[in-house]
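J.: Take a look at the following structure, please.
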Amino acid sequence: MKANGLIVEYNPLHNGHVYHIQQAQKLTGSDCTIAVMSGNFTQRGEPAILDKFSRTRAALSAGVDLVVELPFLYAVQHADLFAKGAVSILDALKVDHLVFGSENGSIEPFHQAQKERIKNQAVFESILKQELDKGLSYPEANRTAYELAGISSTLDLSSPNNILGFAYLQAANALNTPMQVDTIRRIQADYHEQSITGPIASATSIRSAWQDEKTQEVKAAVPIKTFELLETKELHSWEAYFPLLRYLILTRPAETLRQIHGMDEGLEYRFKKYIHQSLDFQQFLSLLKTKRYTWTRLQRVCVHILSNTQKHIINEHLDEAAYPYIRILGMTKTGQAFLSSRKKLLGVPLYTQLKDGMHPVADLELQAADAYYSILPPKIAAASRRQEISPPIFA
1 MKANGLIVEY NPLHNGHVYH IQQAQKLTGS DCTIAVMSGN FTQRGEPAIL
51 DKFSRTRAAL SAGVDLVVEL PFLYAVQHAD LFAKGAVSIL DALKVDHLVF
101 GSENGSIEPF HQAQKERIKN QAVFESILKQ ELDKGLSYPE ANRTAYELAG
151 ISSTLDLSSP NNILGFAYLQ AANALNTPMQ VDTIRRIQAD YHEQSITGPI
201 ASATSIRSAW QDEKTQEVKA AVPIKTFELL ETKELHSWEA YFPLLRYLIL
251 TRPAETLRQI HGMDEGLEYR FKKYIHQSLD FQQFLSLLKT KRYTWTRLQR
301 VCVHILSNTQ KHIINEHLDE AAYPYIRILG MTKTGQAFLS SRKKLLGVPL
351 YTQLKDGMHP VADLELQAAD AYYSILPPKI AAASRRQEIS PPIFA
C-alpha cells in the first residue's frame with residue numbers, strides 16, 4: 001500500500017484541513033492517509049481546544065485512515081524538535097510521501113534554501129549566536145541569520161507554515177529517508193487570521209469565534225463532526241488553567257521552578273515576580289513577554305510547569321531515537337490494512353494504549369494527560385483519563 005503522511009494538530013479540524021487531506025491524496029495517488037498528531041498540548045504551547053481522542057474522531061471522519069500520536073516529548077517544542085519527532089515517526093512507519101501545507105506552495109524553494117543552509121552553515125551559526133547575544137528571541141535571531149547569511153531569497157522564512165515545512169525537510173534530510181517531501185499551498189485564510197471571513201478559516205479565528213459564541217460562523221468553517229464535538233465536549237483554554245498555574249508558581253520556590261524544561265536564564269524569577277500582578281493568563285503573558293521571550297516560548301514553559309516536565313527527563317530522551325514507540329490513536333479499515341502490510345518492516349513497537357511504567361516517554365505522556373484533564377470535574381476527568389489506557393478508536 002502507498003501511504004502519504006501529514007503532520008497535524010487539528011485544533012480544531014476545519015475545512016482547510018479537509019482540503020489538505022484531499023489534495024495530499026490527489027497529489028500522491030496514495031491508498032492510505034496517515035496523520036501524526038500532537039496530543040493534548042500543541043507546538044505553540046496551548047491546551048488543545050478538544051482532547052486528542054475527539055480530534056482523532058474528527059480526523060477519521062474527514063478522510064484520514066490512521067492517526068498516530070506525536071509524543072509530548074516532541075509536541076511542545078520549537079519547530080526543529082517538533083519536526084524531528086514527527087518526521088521520524090513517519091519514516092519509521094515507512095510512509096512514501098510527506099505533504100505539508102505552506103504559504104509558499106512549491107517545494108523547490110525549500111530544497112534551494114536547504115542547499116544554501118548547508119553551504120553557509122558556519123556563517124549562519126556565527127550570526128545566529130551574535131543575534132541571540134544581542135537579546136533577540138530565537139525566531140527573530142533565526143530569521144536575521146538566514147537573511148544575513150544569504151540563505152534563500154525566494155522562501156519567506158517568517159511565515160509559520162514555511163518555517164515548519166523547512167524544518168520538516170531538514171529533518172527528512174538528516175534522517176536520509178527515502179520518503180518524498182512535497183507541499184501544497186494554504187488557501188484563503190492566513191495562519192494568524194483573527195476572524196472568520198469564509199468557509200476556509202484559520203484555527204485561531206475558529207477558536208476565537210467559538211469563545212465569542214459566533215456558532216453559525218464556526219459551523220460554516222468546519223466539518224459537521226467538528227461542530228458536533230465542539231457542541232458536546234468539554235473545551236479547553238489557557239484561562240481555565242490559570243488558577244492552577246498561578247498556584248504552582250506561587251507555591252514552588254524559584255529553585256524548583258528552575259528545574260522545569262524551558263526555564264532558562266533566570267526566567268523563574270520573572271515568573272515569580274509577575275504572577276503576583278496578574279489577574280488572568282493574558283495579563284500574565286503580556287507582563288512576561290519581552291523581545292527575547294516570545295509569547296509562544298513562554299506558553300510552552302507554562303505547559304511544562306503544569307505538567308511538571310523536568311529538564312533532565314527531556315534532555316535524557318531527546319538524544320535517543322525520536323520514536324521509542326508509535327502510539328496509535330485511531331484507524332479505519334484501510335489504516336488497519338496499512339499497518340498489517342508494514343508490520344514486518346517496522347523496527348519500533350506499536351502501542352495501542354499506554355500504561356504507567358512502560359517507557360519514560362509514555363510516563364511523560366500520561367503526566368501531561370493528567371495535567372490536561374485536571375480542570376475537569378472529577379468524574380469527567382477520570383473518564384477522559386481512561387481513554388489513555390483504552391484501545392484505539394476504530395471508524
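The numbering of the sequence shown is full-length UniProt numbering, which starts it at 1 and goes up by one. Note that CB positions come from ideal geometry on N, CA and C, so glycine has one too. For clarity, every value in this text was computed on a predicted model and none was experimentally measured.
#1: Can you check which of these residues, Leu60, Tyr323, Leu354 and Gln259, is closest to Thr309 by C-alpha distance?
#2: What does the alpha-carbon distance come out to for the pair Ala254 and His276?
#3: Where does Ile3 sit, in a helix, a strand or coil, going by DSSP?
#4: For Met331, which residues does DSSP report across the bridge?
#5: If we ignore side chains and look at the alpha-carbon of each, how far apart do Tyr146 and Arg117 end up?
#6: Buried or exposed for Ala122, going by 16 or more other Cβ atoms inside 10 Å?
#7: Should Leu354 and Arg327 be called a contact, given that it needs their Cβ atoms to be closer than 9 Å?
#8: By Cβ distance, which residues of its chain are closer than 6 Å to Leu248, with the 5 residues on each side in sequence left out?
#9: Hey, could you find the ends of the alpha helix (DSSP H) Ala35 is sitting in?
#10: Quick check on this structure: which residue in Ala59, Cys32 and Pro47 has the alpha carbon closest to the alpha carbon of His17?
#11: So, Ser384 versus Asp51, is the Cβ gap smaller than 9 Å?
#12: Once DSSP output is grouped into helix, strand and coil, what is the label at Phe98?
#13: Exposed or buried, what is Ile49 when buried is set at 16 or more other beta-carbons lying within 10 Å of its beta-carbon?
#14: Alpha carbon to alpha carbon, how far is Met1 from Ala209?
#15: Going by C-alpha distance, which of Lys219, Leu318 and Gly266 is nearest residue 403?
#16: Given a threshold of 16 other Cβ atoms within 10 Å of its Cβ, counted over all protein chains shown, does Ala203 qualify as buried or as exposed?
#17: What do you reckon, are the CB atoms on Val222 and Leu13 nearer than 9 Å?
#18: How big is the Cα-Cα spacing for Leu128 and Leu376?
#19: Per the DSSP calculation, Leu350 is bridged to which residue(s)?
#20: When the Cα of residue 417 is compared with those of Glu231, Ser340 and Phe82, which residue comes out closest?
#21: Distance check for Phe271 and Ala240, CA to CA, integer angstroms please.
#22: For the segment 197-261, which segments carrying the beta strand (DSSP E) assignment without a break, of at least 3 residues, lie completely within its bounds, in sequence order?
#23: Taking the DSSP output, what are the residues bridged to Gln180?
#24: Would you mind sorting Val176 into buried or exposed? The rule is 16 or more other CB atoms within 10 Å of its CB.
#25: Between which two residues does the alpha helix (DSSP H) carrying Ser126 extend?
#26: By alpha-carbon positions, which one of Arg44, Ile187 and Asn11 ends up nearest to Arg300?
#27: For His236, count the other beta carbons within 10 Å of its own beta carbon; 16 or more makes it buried, fewer makes it exposed. Which is it?
#28: Measure how close the beta-carbons of Leu66 and Ile21 come, nearest whole angstrom, since I'm counting them as under 8 Å.
#29: For Phe394, count the other beta carbons within 10 Å of its own beta carbon; 16 or more makes it buried, fewer makes it exposed. Which is it?
#30: In terms of alpha-carbon separation, which member of Cys32, Thr28, Leu27 and Arg246 lies closest to Ala337?
#31: Do you know offhand how far Lys94's Cα is from Ala174's?
#32: Leaving out the 5 sequence neighbours to the left and right, which residues in its chain are closer than 6 Å to Gly281 when beta-carbon positions are compared?
T.: By the coordinates alone:
#1: Gln259
#2: 14 Å
#3: This sequence places Ala at residue 3; Ile is not what is there. Note: Ala3 maps to strand in three-state DSSP.
#4: Leu66 and Phe394.
#5: 8 Å
#6: exposed
#7: The answer is yes: Cβ separation under 9 Å.
#8: Ile305
#9: Run containing Ala35: none in the alpha helix (DSSP H); it sits in the beta strand (DSSP E), Cys32 to Ser38.
#10: Ala59
#11: yes
#12: Checking the sequence, you will find Leu at residue 98 rather than Phe. Correct three-state label for Leu98: strand.
#13: Buried, since its Cβ has 16 or more Cβ neighbours within 10 Å.
#14: If you draw a straight line from the Cα of Met1 to the Cα of Ala209, it comes to about 40 Å.
#15: A question about residue 403 goes unanswered here, because the residues of the chain that appear run from 1 up to 395.
#16: By the 10 Å Cβ count, Ala203 comes out buried.
#17: yes
#18: Cα to Cα, Leu128 sits roughly 43 Å from Leu376.
#19: Ile326
#20: This structure does not reach residue 417, given that the chain is present from 1 up to 395, and the question cannot be answered.
#21: 19 Å
#22: none
#23: His97
#24: First, the amino acid is wrong: residue 176 is Asn here, not Val. Classification of Asn176: exposed, given that the 10 Å Cβ count is below 16.
#25: Gln121 to Asp133
#26: Arg44
#27: buried
#28: Contact flag wrong, Cβ pair sits at about 12 Å.
#29: exposed
#30: Cys32
#31: 16 Å
#32: First, the amino acid is wrong: residue 281 is Phe here, not Gly. The residues are Trp238, Glu239 and Phe242.
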